[in-house]
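Please read the structure below before turning to the comments.
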Amino acid sequence: MKVIIFEPEASGHRMILYVRHIVQEALRRGWDLHLVTTERVVDHPAYQVVKKECKDKLKISFMPRVQFPVENPTVLNLLNYQYRQYKAFELAYRSIAKENVPDVVYVVHLDYLFNVMSLLGSPFDNTPFAGMLMSVRHHHQRMGVIGSASRQDWLYEKLFYRLLRIPTLGSLCVIDESMYEYALKERFSSYDKLIYVPDVAHLQGTITREEARESLGVRNDQIVLLVYGSISERKGISFLFNILVADGCPKNVIVLLAGKQDQFTREFLLASVAMNLRTAGRLIEMPGFLDDTREYLSFRAADIVWVGYQGFYGMSGVLLQAGRMGLPVVACKEGLIGWITRRHEVGESINICDHVQALSTIIRLAKDSEAREFYGRRGFYLSQRHIPKLFGEGICNALESAYLGER
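The numbering of the sequence shown is the numbering used here, which starts it at 50 and goes up by one.
Structure representation (structure tokens):
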């Protein structure tokens, strides 16, 4: 089967986890693969990993990069961004299809053009396609997910239904349990195109906990609170750091900041609160992109994982990785992170504006090893459904269904 995979970006989990494991499974099935991305990703370590693992088995083409309107994300600018993405996808597809029409197309992150595609139809002519939608949340309030209701939910729901009714859309994958359960409950038109694919909890390494902590200079009596991933203001590090320096916070609680730091984070780490933690030996940094070995080390050294994100309502692979290592989380109460934390009892969810609650939660978990072990066991049980092989198989099965026209 001939497959085109679209993923313009390399940041986050999209390249190092999603593309990587989809490609691995597709190659195991003997498929002919063509990745379409942008030249911007060429120097990114995640892209380099995928390219190295695939060797010459993966064709690669480049499409124009469309800049996201970070500085002024108005509704009009977002629609304009999606329209330009739509045309870039269309142009790239037709350029390839002129010489070799694929059997099916897969879009790793369909959110790039969800609204515009709902209105204009598929940019891939008559070729069947599938994709993953990650940011849809019009159903959240009705499923008990806290804090993401919008006055435009009725409009996004109508656009979602229009997307499902595109004739050449064979499968729409979601990593949101609540979305899939909502679809089964409502049984709306074309709901059977929806496929739930468990998000990926990937960690790979052999280092022991003792070796990991020793390599970072962590004492046996210290409790390591891990903040992992692309470190930005959204990760809630300003709130967290102020909790850690507060009166009453145990001095043996330290923070491990592991991952690429944005401009806000780099500047914040020069502020007095961060300098105080660093001077006291309570701040450890592992900056930059973390390969499999360093990623595993960071989780292996940890006791608790922080997912107290601000203004974020989607899924978190970090939450699942914590479970994979048997670690409890301290989570925001909002969005899917809070919903999953409460539903599966993998940690404690807090109000990110409530310093008293956050401090008491960290104190309790730092002192109560039995609570940490309970949440860790629950998280590990949950993570067993989120292994890379199952994710790759789920997406490739969805692509086969799209190609064969099966539901």
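Every residue gets a Cβ at the ideal spot worked out from N, C-alpha and C, and that includes glycine. Just so we're clear, the structure is a prediction, and the values are computed from it rather than from any experiment.
Considering Cα atoms alone, identify which of Ala232, Arg191, Gly193 is closest to Phe209.
Position 160 of the sequence shown holds residue 209. If we check each option's Cα against that of Phe209, Ala232 comes out closest.
Do the CB positions of His70 and Phe440 come within less than 8 Å of each other?
Along the sequence shown, read from residue 1 onward, the residue named residue 70 stands at position 21. Along the sequence shown, read from residue 1 onward, the residue named residue 440 stands at position 391. Yes, they are a contact pair.
Below 8 Å, can you find three or more Cβ-Cβ pairs linking the region 139-159 to the region 175-190?
yes
Going by Cα to Cα distance, which pick from Asp340, Leu274, Ile195 is closest to Glu383?
On the sequence shown, position 334 is the one that residue 383 refers to. The shortest C-alpha separation from Glu383 is found at Ile195.
Write down every uninterrupted run of the beta strand (DSSP E) in the region 190-261 whose length is 3 residues or greater and which is fully enclosed by it, in chain order.
218-223, 243-245
Hey, out of Ala59, Leu76, Ile53, Pro216, whose CA is closest to Ser239's CA?
Residue numbering aside, residue 239 sits at position 190 when the sequence shown is read from its first letter. For Ser239, the nearest C-alpha among the options comes from Pro216.
Can you give, in chain order, each stretch of the beta strand (DSSP E) that sits fully within the region 308-383 and has at least 3 residues?
332-336, 353-356, 378-381
In terms of residues, what are the limits of the beta strand (DSSP E) holding Phe117?
Stepping through the sequence shown from its first residue, residue 117 is reached at position 68. Element bounds for Phe117: n/a, residue is neither H nor E.
With 16 other CB atoms within 10 Å as the buried threshold, where does Gln312 fall?
Here the question's residue 312 lines up with position 263 in the sequence shown. That one is exposed.
Return yes when the Cβ of Gly366 is within less than 8 Å of the Cβ of Cys381, no when it is not.
On the sequence shown, position 332 is the one that residue 381 refers to. On the sequence shown, position 317 is the one that residue 366 refers to. Result no, Cβ atoms of Cys381 and Gly366 do not sit closer than 8 Å.
Quick check on Glu397: does DSSP put it in helix, strand or coil?
Here residue 397 is taken as the residue at index 348 of the sequence shown, counted from 1. DSSP places Glu397 in strand when its eight states are reduced to three.
Collapsed DSSP secondary structure at Ser184 in the structure displayed:
Along the sequence shown, read from residue 1 onward, the residue named residue 184 stands at position 135. It is coil, neither helix nor strand.
Less than 8 Å separating the beta-carbons of Leu414 and Glu442?
As a first step, residue 414 must be located in the sequence shown, where it is residue number 365. As a first step, residue 442 must be located in the sequence shown, where it is residue number 393. Going by C-beta atoms, Leu414 is not nearer than 8 Å to Glu442.
Measuring straight from C-alpha to C-alpha, what distance separates Arg391 and Glu282?
What you label residue 391 is simply residue 342 of the sequence shown in a count that begins at 1. What you label residue 282 is simply residue 233 of the sequence shown in a count that begins at 1. For Arg391 and Glu282, the distance between alpha carbons rounds to 24 Å.
Backbone secondary structure at Val267 - three-state DSSP
Here residue 267 refers to the residue found at position 218 when the sequence shown is read from its first residue. Three-state DSSP puts Val267 in coil, outside helix and strand.
State the beta-bridge partners of Lys51 as determined by DSSP.
Counting from 1 along the sequence shown, the entry for residue 51 is found at position 2. According to DSSP, Lys51 bridges with Asp81.
Helix or strand or just coil, what does DSSP make of Ser279?
In the sequence shown, residue 279 corresponds to position 230, counting from 1. Correct three-state label for Ser279: coil.
Residues sharing a beta bridge with Ile272, DSSP
Translated into positions along the sequence shown, residue 272 becomes position 223. Val302.
Straight-line gap, Met500 to Leu385 (C-alpha atoms, nearest Å)
Coverage of the chain is limited to positions 50 through 456, which leaves residue 500 absent and any answer about it impossible.
So what does DSSP say about Leu107, is it helix, strand or coil?
Against the sequence shown, residue 107 aligns to sequence position 58. If DSSP states are grouped into helix, strand and coil, Leu107 belongs with the strands.
Residue(s) in a DSSP beta bridge with Thr410
One-based indexing of the sequence shown puts residue 410 at position 361. Looking at the DSSP assignment, Thr410 forms no beta bridge with any residue, so it has no partner.
Could you check how far apart the C-beta atoms of Ile272 and Leu408 are, in whole angstroms? I think they sit under 8 Å.
Sequence index remark: in the sequence shown, residue 272 carries index 223 (1-based). Sequence index remark: in the sequence shown, residue 408 carries index 359 (1-based). Incorrect: roughly 14 Å between the Cβ atoms, too far for contact.
With H, G and I counted as helix, E and B as strand and the rest as coil, what does DSSP make of Thr86?
As a first step, residue 86 is located in the sequence shown; it is residue number 37 there, counting from the start. Thr86: strand per DSSP, three-state reduction.
Alpha helix (DSSP H) segment containing Tyr161, residue limits
As a position in the sequence shown, residue 161 is number 112, starting the count at 1. From DSSP, Tyr161 is part of no alpha helix (DSSP H); its letter is neither H nor E.
Beta-carbon proximity of Ile256 to Tyr345, cut-off 8 Å
Here residue 256 is taken as the residue at index 207 of the sequence shown, counted from 1. Here residue 345 is taken as the residue at index 296 of the sequence shown, counted from 1. Cβ atoms of Ile256 and Tyr345: closer than 8 Å.
For the candidate residues Ser60, Val124, Arg133, Ser144, whose alpha-carbon lies nearest to that of Val85?
For this step, residue 85 is matched to residue 36 along the sequence shown. That would be Ser144, whose Cα lies nearest to the Cα of Val85.
Helix, strand or coil, according to DSSP, for Phe290 in the structure here?
Within the sequence shown, residue 290 is the residue found at index 241, counting from 1. Helix, per DSSP.
What residue from Met192, Arg211, Gly193, His188 has the CA that sits closest to Arg200's CA?
By 1-based counting over the sequence shown, the position of residue 200 is 151. It is His188 whose Cα lies nearest to the Cα of Arg200.
State the Cα-Cα distance for the pair Leu431 and Glu148, rounded to the nearest angstrom.
The sequence position of residue 431 within the sequence shown is 382, counting from 1. The sequence position of residue 148 within the sequence shown is 99, counting from 1. In a straight line, the C-alpha of Leu431 is about 45 Å away from that of Glu148.
Who does Phe178 pair with in a DSSP beta bridge?
On the sequence shown, position 129 is the one that residue 178 refers to. Its beta-bridge partners are Val154, Leu218.
Sort Ala307, Val115, Val302, Leu368 by Cα distance to Arg133 and report the nearest one.
Within the sequence shown, the letter at position 84 stands for residue 133. Nearest option by C-alpha distance: Val115.
Please determine whether the Cβ atom of Val395 lies at a distance below 7 Å from any heavy atom of the ligand NAP.
Here there are no bound small molecules, and the ligand NAP is not part of this structure.
Closest residue to Arg77 among Met50, Pro299, Gly278 (Cα-Cα distance)
Counting from one through the sequence shown, the residue named residue 77 turns up at place 28. Measuring from the Cα of Arg77, the nearest candidate turns out to be Met50.
Run of the alpha helix (DSSP H) containing Ile145, from where it starts to where it stops
Counting from one through the sequence shown, the residue named residue 145 turns up at place 96. Counting along the chain, the alpha helix (DSSP H) containing Ile145 begins and ends at 124-146.
Should the region 328-335 be regarded as contacting the region 296-304, the criterion being three or more beta carbon pairs within less than 8 Å?
yes
Just the Cα atoms here: how many angstroms apart are Met374 and Ile411?
Counting from 1 along the sequence shown, the entry for residue 374 is found at position 325. Counting from 1 along the sequence shown, the entry for residue 411 is found at position 362. Each residue's alpha carbon lies about 19 Å from the other.
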